[in-house]
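Taking it in order: structure first as structure tokens, then the write-up.
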Amino acid sequence: MRISKYLQKKSIRFLTIFIILIFILTFVSQVTSHMTVPKVSIVRLKRETLVDEMIFEGQVAKADSIPIFTLDGQKIEKIYVHANQEVRAETPLFKLEMSSIDKAITQLESEIQKLDLMIQTSENQEISQKNTQALRIKQALDNYQGIKETDVDQVTKQEAYNAWQLAKSETPIAAVDGKTALIDRATLVADKDKLVQVKSVDGIVNATTEGYVTGIFITEGKITTEEAALMIASKKSDNILVLRTQKTAQEYLKMGQLVTVIGISAQDVENEYDKASVIEASIDTENPEMFKSKLNLGQADFNYGSSAKAIVTKKSVNYPYCLPTRAVHESSQGYYVLVAKTIETMLGEEIIAEKIDVSLVDKTPKFSAIKANKLLDGRDILLEIDQSVEENTKVRIISTNET
-1 MRISKYLQKK SIRFLTIFII LIFILTFVSQ VTSHMTVPKV SIVRLKRETL VDEMIFEGQV
59 AKADSIPIFT LDGQKIEKIY VHANQEVRAE TPLFKLEMSS IDKAITQLES EIQKLDLMIQ
119 TSENQEISQK NTQALRIKQA LDNYQGIKET DVDQVTKQEA YNAWQLAKSE TPIAAVDGKT
179 ALIDRATLVA DKDKLVQVKS VDGIVNATTE GYVTGIFITE GKITTEEAAL MIASKKSDNI
239 LVLRTQKTAQ EYLKMGQLVT VIGISAQDVE NEYDKASVIE ASIDTENPEM FKSKLNLGQA
299 DFNYGSSAKA IVTKKSVNYP YCLPTRAVHE SSQGYYVLVA KTIETMLGEE IIAEKIDVSL
359 VDKTPKFSAI KANKLLDGRD ILLEIDQSVE ENTKVRIIST NET
């Protein structure tokens, strides 16, 4: 009897310990499970105007550039400036070799002397040709006036009249040659005067305006051509922002598009200009995957040659069904969202992710607009927080997202 009571007490004790262990293990399991369940926040569909913002970076430049020419055939002795250098009027740009200038002046003087002789000869010939022409005109007129007024003589008289008119309209060949020679002489004299002027300042060519050197097309020791020696961006011209972006940017940088530009002013402080507009936009012919554009900044204060950001903002219509873009997922079958679904389990209610397919209407990095979907009416749409969530995954809602 005593043994039976002892065994009974021991069994109760073991049973109690077993129940306590089961409770502890269940509690630990629940806590562990609860800790590993993905945390999510929830949102609901709402009306929204989508705002798409793109940022591009470019370089501040000037709208107008002035070419600096010098006579061709001159040897460059020294270049005093470099690309992007700021220059003022009368800033020395480059120096021509003096011996090259002297040689060119001598050649021009020789050509001018030849033309002077040609012009004198043409003038003498023109006098002779005019005398000959006057005689032909008189003879043609006398012939015309000497024909009688009869029907038989009408054709002959018309021919005589035409010959008279032709004689009057002829221009002496020497006169044409003389005019051409005079034009050529004026050009050579102008070229000579330029060289004489450059020689008077030791062959130095100066800037004619205040601005920035945007291009240098000459080399020390080389001979000049008819092309521009330098290009100078006029400081008085409008500022522009030059952009070179991926081809996809053409959707945002269309002609006339208003853009906000943020950059550094000449005083080295941040400056914002919200009235910039696209004035040039084209695919890069050298690289079709790139897109080139220019924004007009007017007289807005931006430091020449500095980098600046162009911010393009596009607003959509007001869509009735919108949600954060990160709540929209994409698969090979299309787009879908995950919504909260409550189910009953042995341990009580649990929340799992339910997949619902959606049709996308518009999208920005922040918000997406979808077509009306009755399956989403009043449903809580999941936003992942710390882990990825898939269909039928158990989740734990920790907040309501109002964005």
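At position 275 of the sequence shown (counting the first as 1) the number is 273 in my numbering, and the numbers step up by one without a gap.
All residues carry an ideal CB built from backbone N, CA and C; glycine is no exception.
The beta strand (DSSP E) enclosing residue i, as first and last residue numbers
i	result
residue 37	37 to 41
residue 94	90 to 94
residue 50	44 to 60
residue 366	365 to 368
residue 76	74 to 77
residue 63	63 to 66
Proximity below 8 Å, CB of residue i to CB of residue j
i	j	result
residue 296	residue 237	yes
residue 210	residue 181	no
residue 89	residue 205	yes
residue 317	residue 370	no
residue 56	residue 308	yes
residue 260	residue 306	yes
residue 49	residue 311	yes
residue 94	residue 196	yes
residue 353	residue 323	no
residue 394	residue 44	no
residue 337	residue 381	no
residue 62	residue 232	yes
residue 207	residue 59	no
residue 460	residue 85	A query on residue 460 cannot be resolved here, the shown segment of the chain reaching from -1 to 401 and no further.
residue 246	residue 54	no
residue 103	residue 190	yes
8 Å contact criterion, which residue i and residue j should meet: CB distance rounded
i	j	result
residue 106	residue 179	Actually they do not touch by this definition, with Cβ atoms about 15 Å apart.
residue 424	residue 110	Outside the displayed span of the chain (-1 to 401) sits residue 424, for which this structure offers no information.
residue 240	residue 254	That pair is no contact at about 18 Å.
residue 193	residue 99	5 Å
residue 47	residue 313	6 Å
residue 221	residue 92	With 8 Å as the limit, residue 221 and residue 92 do not qualify as a contact, their Cβ atoms being about 13 Å apart.
residue 39	residue 383	6 Å
residue 359	residue 367	4 Å
residue 294	residue 279	With 8 Å as the limit, residue 294 and residue 279 do not qualify as a contact, their Cβ atoms being about 12 Å apart.
residue 347	residue 392	At roughly 11 Å, the Cβ-Cβ gap does not stay under 8 Å, so residue 347 and residue 392 are not in contact.
residue 258	residue 272	4 Å
Cβ of residue i within 8 Å of any chain C Cβ
i	result
residue 306	Although the question refers to chain C, the structure presented lacks it and comprises just one protein chain.
Practice task
Pair every Cβ in the stretch 244 to 256 with every Cβ in the stretch 67 to 77, then say whether three or more of these pairs are closer than 8 Å.
Solution key: no
Problem - alpha helix (DSSP H) segments (min. 4 residues) lying fully within the stretch 273 to 359 - result: Runs of the alpha helix (DSSP H) inside the stretch 273 to 359: none found.
Handout entry: Sufficient close CB pairs (3 or more, under 8 Å) joining the stretch 325 to 342 to the stretch 283 to 303
Key = Short answer: they don't touch.
Problem - the stretch 330 to 340 contacting the stretch 60 to 72, beta-carbon criterion three pairs below 8 Å - result: no
Handout entry: Three-pair Cβ contact test at 8 Å for the stretch 210 to 226 versus the stretch 263 to 274
Key = no
Problem - Meets three-Cβ-pair contact criterion under 8 Å: the stretch 294 to 311 and the stretch 335 to 345 - result: no
Exercise for the section: Report the residue ranges of all beta strand (DSSP E) runs contained in full by the stretch 203 to 229; include only those spanning at least 3 residues, in chain order. Expected result: 209 to 214
Exercise for the section: With a floor of 3 residues, list each beta strand (DSSP E) that falls wholly inside the stretch 229 to 257, ordered by position along the chain. Expected result: 237 to 244
Handout entry: Length at least 3, wholly inside the stretch 375 to 400: the beta strand (DSSP E) runs in chain order
Key = 379 to 382, 394 to 398
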